[in-house]
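Trainee: One structure, pasted below without further comment.
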Amino acid sequence: MDDQGIEFEIHVRPGASRRCLDGLHNGVLAVRVSAPPADGQANEAVRDVLAAAFGVRRSAVTIVRGSSSRRKQIRVEGDTAKLRLVYELLLA
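See below:
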């Protein structure tokens, strides 16, 4: 986490019946997406879900590491204090 955004890990469950945040999985935020893990479809769906959850544009959500893995490092750009608060609420 830094002055202009936050970074955190997520676990993605592609091909799910619905798109949502799904609590914790092995200590990291779990994200379900209905898109398949092909041609970056699941990654784009993950960005959509996280952008909605954090109240930012999709362009503010970046996959830093793990674009071809279920475990991903995510960066969300914006007001760090607000983003930290939202992140902590999502983990609660």
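When the letters of the sequence shown are read in order and numbered with my numbering, they come out as residues 371 to 462.
Ideal Cβ placement from N, Cα and C applies to all residues, glycine included.
In this text the structure is predicted, and so the values were computed from the model without any measurement.
Could you tell me the boundaries of the alpha helix (DSSP H) in which D418 lies?
Mentor: Residue mapping note: residue 418 aligns to position 48 of the sequence shown, counting from 1. That run of the alpha helix (DSSP H) goes Q411 to F424.
Trainee: What alpha helix (DSSP H) runs, 4 residues minimum, are completely inside the region 384–411?
Mentor: For the region 384–411, not a single whole alpha helix (DSSP H) run of length 4 or above is found.
Trainee: I think P384 touches A412, with their Cβ atoms under 8 Å apart; what is that distance to the nearest whole Å?
Mentor: Here residue 384 refers to the residue found at position 14 when the sequence shown is read from its first residue. Here residue 412 refers to the residue found at position 42 when the sequence shown is read from its first residue. Contact flag correct, Cβ pair sits at about 4 Å.
Trainee: Using only CA atoms, which one of D418, N396 and T432 lies nearest to C390?
Mentor: Taking the sequence shown and counting its residues from 1, the one referred to as residue 390 is at position 20. That would be D418, whose Cα lies nearest to the Cα of C390.
Trainee: Who does V431 pair with in a DSSP beta bridge?
Mentor: The residue you call residue 431 lines up with position 61 of the sequence shown. DSSP output for V431 lists V446 as bridge partner(s).
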